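Numbering (this note's numbering), first residue to last: 4 to 105.
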């Protein structure tokens, strides 16, 4: 399984050095008791190296480790951090045609 840092590095290769935005959110139905999205200093450093300009996270559903230092590192690298309210996943019966219904 590819982790966040590997995903960011792959995105940097794909974009050929163009600026990119990282979106770190939980999957629909993700069990937040055991599997919480996390952003730490290494993630911000990887974003800096990759030329990322912004990080978007689920508000209230993403852990920011060492938050004050993380924000300082992001500010120094010119990386904006924005938290958005999580989007509600559609109920399986409301899924568009062609989407796997449970």
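Virtual Cβ for every residue (Gly too), placed ideally from N, Cα, C. For clarity, every value in this text was computed on a predicted model and none was experimentally measured.
Between which two residues does the beta strand (DSSP E) holding residue i run?
i	result
residue 27	23 to 27
Which same chain residues end up closer than 6 Å to residue i when comparing Cβ atoms and leaving out the 5 residues on each side of it in sequence?
i	result
residue 89	61 and 64
residue 2	Residue coverage of the chain in this structure runs from 4 to 105, which leaves residue 2 outside it and unanswerable.
residue 80	51
Can you name the start and end residues of the alpha helix (DSSP H) that residue i belongs to?
i	result
residue 49	44 to 53
residue 17	7 to 18
residue 86	Careful: residue 86 lies outside any alpha helix (DSSP H), inside the beta strand (DSSP E) at 83 to 87.
residue 73	70 to 80
Once the 5 residues before and after residue i are set aside, which same chain residues still bring their CB inside 8 Å of it?
i	result
residue 68	41, 42, 43 and 44
Which residue from the options puts its Cα closest to that of residue i?
i	options	result
residue 11	35, 28 and 46	46
residue 26	79, 72 and 56	56
residue 36	52, 66 and 21	66
residue 121	29, 73, 80 and 53	No answer is possible for residue 121: it lies beyond the span of the chain, which begins at 4 and ends at 105.
Thinking residue i and residue j are a contact (beta carbons under 8 Å), I'd like their distance in whole angstroms, please.
i	j	result
residue 50	residue 82	6 Å
residue 54	residue 23	6 Å
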